[in-house]
Each structure stands twice: as C-alpha cells, then as structure tokens.
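Line by line, the protein sequences give chains A and B.
Using the working numbering, count along the first sequence one by one with no gaps and you end on 317.
Using the working numbering, count along the second sequence one by one with no gaps and you end on 317.
Ideal Cβ positions, reconstructed from N, Cα and C, are used throughout, including at glycine.
Number of protein chains: 2
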Amino acid sequence: MKATIRDVAKLAGVSVATVSRVMNQNGYVNSETEQKVNRAMKQLQYVPNQMARGLAGKRTKTIALILPDISNPFFPGLARGVEDIAQNNGYTVILCNSDDLGVKERSYIEVLKKKYVDGIIFATNNLVQEDLERLEEAQIPFVMLDRAPDMKSGCVITVNNFGGAKAAVEHLLDAGCKKIAHIYGPKELVTARERLEGYEEVARKQPWYTPTLLVPGDFTIDGGVKAVEALLRNHPDVDGIFAGNDLMAVGALKALNRRGISVPGEVAVCGFDGVNLTEITQPELTTIAQPIYQIGELAAKKLIERIDQSSSHYETVELGVSLIVRDSTQKS
Amino acid sequence: MKATIRDVAKLAGVSVATVSRVMNQNGYVNSETEQKVNRAMKQLQYVPNQMARGLAGKRTKTIALILPDISNPFFPGLARGVEDIAQNNGYTVILCNSDDLGVKERSYIEVLKKKYVDGIIFATNNLVQEDLERLEEAQIPFVMLDRAPDMKSGCVITVNNFGGAKAAVEHLLDAGCKKIAHIYGPKELVTARERLEGYEEVARKQPWYTPTLLVPGDFTIDGGVKAVEALLRNHPDVDGIFAGNDLMAVGALKALNRRGISVPGEVAVCGFDGVNLTEITQPELTTIAQPIYQIGELAAKKLIERIDQSSSHYETVELGVSLIVRDSTQKS
DNA sequence: AATCGACATGTAACCGGTTACTATAAAAAT
DNA sequence: ATTTTTATAGTAACCGGTTACATGTCGATT
C-alpha cells in the first residue's frame, strides 16, 4: 500500500543500498542511477519512514523543549525562536510543560529518552546535578537556560541579569526617583538573585537605602500586587519600583492604580524581561528587555550544533539586555 | 551497553515474546513469570525503544499541534490544554507554527507523516479540501478548531461565535451605549464572519445602525488602533466598540487613550476571546471569553479517542462562551 | 478415551530503513 | 605489466521491538 525503500529499489532496478545512498547523498552513486532512483521515488510518492530511519541510524531529527509553562508570557517567544531554527534545520520540536516541578521534568526526560530525541533544551531549573549527569551518560546533548551548573558537558545560555538590574535602578535614579524599592523573585532562581544583587549594587550606595525596600514577590502578577501593598505600608513614600520581572511590574501597576497612586507621576515603575505585555499596560512599562526570541534561536542553534558534531565540551554564552524606556518611568 | 528486550528475555530466562507480553499487558502470562520479567527489567534499567515499537506496532504515541503562532496570546493556553491531556495519556506533543501559511501547514503535514504522528490538531484554517482528503487517505486522525469543512471524517470543535457576538452587543446596549461600532477580523476566517453576523443581528434592529459602523481590523493590536482611528473620523460620536477579538480591543483602548477619550466614560469597549491580556489593561477589558484551555483539552481528548478507537466518523462539538464584565464597559 | 478450550510460552518473520562488507571494472600510480 | 585507488552497486546483517503461528499442558466436556 505504502511505498517502501524496496519498492523504490525494485522499480528503479537497483538495490536498497543504492536507494539509501541517493536519499542520504552519501557513498558513490552514478548520476544516471541517481536519476532513475529519483524518478522511481517520485513515481511511487515515496516517503521514507522516519521511524525505521531512527531505529537504524539513531537519529530522530526531534528535539525537546522543556519549560515551566507555555502560558507564562515569557515562553511563547522563546518557544517560537526554538521552533523556527529547528524547522529550518529539519528538526521537529516536542513541547513539555513542567510547571517547574522536578518530578515532572524527570518524568519527561524518561519519556524523551524512550523517544530517542536528539537533544533537549531546558528552560527550567529544577534538575539536580545527578539528573544532568544521567543525561550526559545517556549521551543526550542539552542546552540550559539561565543556569550554570557545574559540569563538563552541556551548554548554558544566560543573560546579563546583574547588569540589567543595575541599569534599571540607574535609570530610575536618572528619572528623578528618591527612594527605589525592589520586588524580587523566588530566591531559588539564579535570575532572581542576580537581579536583586544588581539592585543592591547600585542602591546600597544611596542615602535612602534600607533593606526593607526589598520585598519578595513570586514572579507572578498577583505577587507583584501583594508586594506593592506590603511595600506601601512600610514605605508610603517610595517613588520608584524595580520589579524583578514584568509580570510583577504589571502587578505593581495594578496595585498602584487601585490605590490611586499615579504612575509615573508619583511612582515610577520598571520591569524586567521585555514581554509583550509591557506594551499594553497603561502607562506602557519601561523594562529591561531580554532578547527572548533570540535566546530561543541561539539555544536551538547551539543544540543542533552539538547534535551534528556531537561535540560536548562545556560552553556558556551570555547575552546582553537592553533598557526600553516607556511611559512608566517618564516623570515629566 | 543499553539493554534491549533480548537482554531482558535472557536474564529472565524467557522468550522475547513473553517480555513483550508483559510490557503490553496482553496475551497470557503466568504471574510468576511476570514477576521474573519485571525484576529483570528493573535490574537492567530497561527502557523500551519507542522507535522500534513504532516501527513494528505502528504507534508513536505522538500527536502534533499546528497553530498559527504560539506567540499570539490566544494559543499558549490552548497548547497547554492539549499538552496536559496528551501527557496524561502518555502522548507527547509536537508544536508547529504555521504563521497561517498554507505552504507551511502542508510542509508540516508531510514531515509529520514521515514521523508517523498518531494524529494532528489544527488550530489553523488554510488547508483546502484536498489536503484534508489526503489526510483521510493517510488514515491520520485529526481534529480541527473553528472550522467545519465538508467531509466524512475528522472532528471539529467550534465555539458559539454568533451568540457571543450578540451577547457582546446586547451588553453594550445594556451599558447604555447609543451607537456601537464593530471592528471585524479577516473575512476569510469563519470566526470573524460569525462574530460580525452576531453583531449585525442585534445592531441592524437599532435606529443608529449604519454599515459604516463596521470597520475592518486584522485581529492584531495595531489593526485595532488603526480601525479606531478610521472609525473616529467617520463617527466621532460612537460610544461603544465591539472588537472581534481581544487584541483589537486592546488596540482600540490604546487609540482611544491616545485621543484622550475616556473608557468607559465616553466609549465602552468589549473584546472577544478572553485572553489573559484583558486583565492587565487599564481599564480591564470586558470580553466574551472562550474556554481556551478547555478547547485544547477537548481537542486532545477527541483526538486520542479517535486514535485509540480508530473511529473516524465526522463529529462536531460547539462550546459556549461567556461574557466577562469588567471596567471597560462599566459606565457609572 | 477422545476432544476441546483456556492457559502459557517459544520461534521466527516482519516493520523499513542503514551500513559494513564484498565484488567488479576502470583509472591512476609504480 | 602489476599494483593501487577510485567509482559503482549489491548482499545481508542489524536496529529493537510486535505478533502470527506453533507447541504443549491441563482440567472440563462428551
């Protein structure tokens, strides 16, 4: 019913090995023979069975992207970057939502091993050293985002969180803020810690600095709302807020708005990430933008590179971030 | 190096067939034998090779989700619904962004065929009858969103666009609007047409109705902005806008805001879709919410049902939508 | 006693590719 | 003239499962 390589071989009057050579462009094949084979393939509408290929050749042309939750506005852009590059290179992407749960991540890894994916991109942070080592053992190339584990293989892509945070606070100072608070994300996340450190680096030198200007959020909108409410109780006079990510900045905006506090008039707000959301708030949000799409692209490129050359040396790349000034910090 | 079914068989002192039976829980197996096999599997850390399974058994436990663009805020929620259900049933999801381009969709279908995915969910609308027929021929179960093509197999999931649109306009009337405009999406899309029809159904009966209250948008934020600008030139006195989707509603909000027109004070705005964005605008957007996540879940459920029972009768399901009233229509 | 069906397990073909190895002719090198 | 090398193509094993078919046991049925 469905044409196989043997059907093609028969029709073209050659052996299966020759057909395989034509398909994979390897080994010696006379150009006339090649024509014959190609004609036969066309005539039979031959579609090689990837599964058989994978079984025999150990390549599935499939990579996986494990992220916490595709619904989080940070990830669709990233996923898109990954998918575009993958597609350009003949790869297909399996999407996995881990909800930042180590168990789920681990269970996904098992499934992905069974499916023989060629590589994995992790945009999550819950694997322990041991899990990564198991991956190395299994010879599965991988790329991680935002995390620099201690190992010999793998590739890590990070952004300059520290520098970005510093830039954010400096920008708020430039905008005339006299007392700047920071809503930080979960301390377990390096990104959150680095941003916090960036804030402190600049803030500590200011006369108004006091540790209670640091309030915890959890990288969600609601966390931002609550953080601001708490903040205003202690510091009714803050006039600048640097949120550890855009979602919390949006929450901050909401909370301030509810309280009737004008942004940027009374309080300036700056986020971090550069997700699309920041363009639709009122006022639009100033933010430290990560090159989200490019991170995805780069992750995919690096991974495919590793797969193709089976190179596995450890490598880390840091990308820059950029301050995007919008209305939320434009005191005029 | 890596354990195969034969290794397990040898260690357990049985044949490969028996091991296979134990794995797939089919055929007769003595419970003692089963224990032995299970022990052997554990001892060797045996992980069945899905590829070999797929080759032999014709099942890959993989489905694909083809959507226009995961960056569009409508889709992450949907994708999440699909993925969750898939995961619960042991399936893995391949994500494909088609940018609403027929060519890309078709090329994806080819790739997916090669990879022997067990089924496909389409959240796009650019396939012609012929493409679908080819899928039927290839015996690949599929589920489509928002579109009812004329065929014998396949499953279609839609929402009540017409009813939702009517509800939107009625709500605007209730809110006291005296002249309601509609920004409609691309006429090629059924969803856009149905919503437009819903608007007309109600609006036509109103004294203020005139065709120039219908302005084209393209389902993007920018389209919404431009539509409102055009609208205000012809009808500076509109006091209600029903946008064909949330993105355009956000655009409308932006445009009105720029013009210094207050929402909902001077103009009330209502969107359609119920994406998260609607909760972060200022004012928050009233919208007709689709059960986005549930649509994804349902699509995945229906697809898996079809795969498992290889039932292929044509089926269509319509889900309800719900009006979510927020500030953008609360003239007080 | 012969027949039958439920139970248990093994053998080997098969899925559809890849590729190591072999064979042969023609061109190049010695 | 002989050896090597290069170009071309075929044979068959192999990847790691699934499963049709064969074989055999044992209690139940006739």
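Tell me whether residue i is buried or exposed, calling it buried when 16 or more other Cβ atoms sit within 10 Å of its Cβ.
i	result
Tyr169/A	buried
Asn11/B	exposed
Leu262/A	buried
Asp231/B	buried
Gln30/A	exposed
Asn82/B	buried
Val88/A	exposed
Val144/A	buried
Thr301/A	exposed
Asn15/B	exposed
Pro196/B	exposed
Glu115/B	exposed
Lys(-13)/B	exposed
Lys287/B	buried
Ser296/A	exposed
Glu95/B	exposed
Ser307/B	exposed
Glu17/B	exposed
Asn219/A	exposed
Val113/A	exposed
Asn73/B	exposed
Lys43/B	exposed
Glu122/B	exposed
Asn318/B	No answer is possible for residue 318/B: it lies beyond the span of chain B, which begins at -14 and ends at 317.
As a quick exercise: from the options, pick the residue whose alpha carbon is nearest that of residue i.
i	options	result
Glu90/A	Ala152/A, Leu52/A, Leu29/A, Lys99/A	Leu52/A
Val1/A	Met26/A, Val175/A, Val67/A	Met26/A
Ala253/A	Arg243/A, Asn82/A, Lys316/A	Lys316/A
Ala215/B	Asp84/B, Val154/B, Leu199/B	Leu199/B
Leu270/A	Ala240/A, Tyr278/A, Thr301/A, Val235/A	Val235/A
Gln191/A	Lys151/A, Glu122/A, Glu173/A	Lys151/A
Glu182/A	Ile246/A, Glu115/A, Gly148/A	Gly148/A
Leu158/A	Arg218/A, Glu121/A, Ala188/A	Ala188/A
Gln124/A	Tyr101/A, Val113/A, Ala108/A	Tyr101/A
Asn110/B	Lys99/B, Asp84/B, Ser313/B, Ile309/B	Asp84/B
Ala49/A	Asn34/A, Leu217/A, Ile106/A	Ile106/A
Ser313/A	Thr176/A, Arg24/A, Ser247/A, Pro201/A	Ser247/A
Met136/B	Ile309/B, Asn146/B, Glu118/B	Glu118/B
Gly259/A	Leu63/A, Gly(-2)/A, Ile55/A	Leu63/A
Met233/A	Phe59/A, Ile309/A, Leu(-4)/A	Phe59/A
Arg311/B	Leu304/B, Pro249/B, Ala(-3)/B, Asp222/B	Pro249/B
Ile309/B	Asp203/B, Ile273/B, Asn74/B, Val4/B	Ile273/B
Pro221/A	Arg244/A, Pro201/A, Asp207/A	Arg244/A
Leu86/B	Asp103/B, Arg65/B, Lys99/B, Asp54/B	Asp54/B
Glu251/B	Tyr76/B, Val32/B, Leu217/B, Ser138/B	Leu217/B
Ser92/B	Lys98/A, Thr77/A, Asp207/A, Tyr93/A	Thr77/A
Ile226/A	Val4/A, Thr(-11)/A, His156/A, Val22/A	His156/A
Val223/B	Thr266/B, His167/B, Glu186/B, Ser5/B	His167/B
Is it the case that the CB of residue i approaches a heavy atom of the ligand GDP more closely than 7 Å?
i	result
Ser138/B	Within the structure as shown, the ligand GDP is missing, as the structure has no ligands at all.
### Message
By the 8 Å beta-carbon criterion, what residues does the stretch 18 to 44 of chain B contribute toward chain A?
### Response
Val32, Pro33, Asn34, Gln35, Met36, Ala37, Gly39, Leu40
### Task
Give a yes or no on contact between the stretch 255 to 274 of chain A and the stretch 32 to 43 of chain A, applying the rule of three or more CB pairs nearer than 8 Å.
no
### Query
Taking Cβ-Cβ distances below 7 Å as the criterion, which residues of the stretch 228 to 257 of chain A are in contact with chain B?
Val235, Asn242
### Query
Is the stretch 60 to 76 of chain B touching the stretch 272 to 283 of chain B, taking contact as three or more C-beta pairs under 8 Å?
yes
### Task
Would you check if the stretch 150 to 169 of chain B and the stretch 120 to 140 of chain B touch, i.e. whether three or more CB-CB distances between them fall below 8 Å?
no
### Query
Mind listing which residues of the stretch 48 to 64 of chain A have their C-beta closer than 9 Å to chain B's C-betas, in chain order?
Ala49, Leu50, Asp54, Ile55, Ser56, Asn57, Pro58, Phe60, Pro61, Gly62, Ala64
### Query
What residue ranges within the stretch 183 to 243 of chain B form continuous alpha helix (DSSP H) runs of no fewer than 4 residues, ordered along the chain?
206 to 219, 231 to 243
### Message
Runs of 4 residues minimum, wholly inside the stretch 40 to 83 of chain B: which ones carry the alpha helix (DSSP H) assignment?
### Response
59 to 73
### Query
Would you call the stretch 287 to 301 of chain B and the stretch 172 to 187 of chain B in contact, with 3 or more CB pairs under 8 Å?
no
### Task
Count the CB pairs spanning the stretch 206 to 221 of chain B and the stretch 238 to 252 of chain B that are closer than 8 Å, and state whether there are at least three.
yes
### Task
Could you list the residues in the stretch 78 to 104 of chain B with a C-beta less than 7 Å from some C-beta on chain A, going in chain order?
Val78, Ile79, Leu80, Asn82, Val96, Lys98, Lys99, Lys100, Tyr101
### Whole beta strand (DSSP E) elements within the stretch 145 to 172 of chain B, 3-residue minimum
165 to 169
### Query
Of the residues that make up the stretch 169 to 193 of chain B, which ones have a beta carbon closer than 8 Å to any beta carbon in chain A?
none
#### Entry: Interface residues of the stretch 190 to 214 of chain B facing chain A [CB-CB below 9 Å]
Ile206
### Query
Any residues in the stretch 261 to 294 of chain B with a beta carbon nearer than 7 Å to a beta carbon of chain A? Which ones, in chain order?
Leu262, Ile265, Thr266, Gln267
#### Entry: 3 or more residues per run - each beta strand (DSSP E) lying fully within the stretch 238 to 301 of chain A
253 to 258, 271 to 274
### Task
Identify each residue in the stretch 67 to 78 of chain A for which the Cβ-Cβ distance to at least one residue of chain B is less than 7 Å, and report them in chain order.
Glu68, Thr77, Val78
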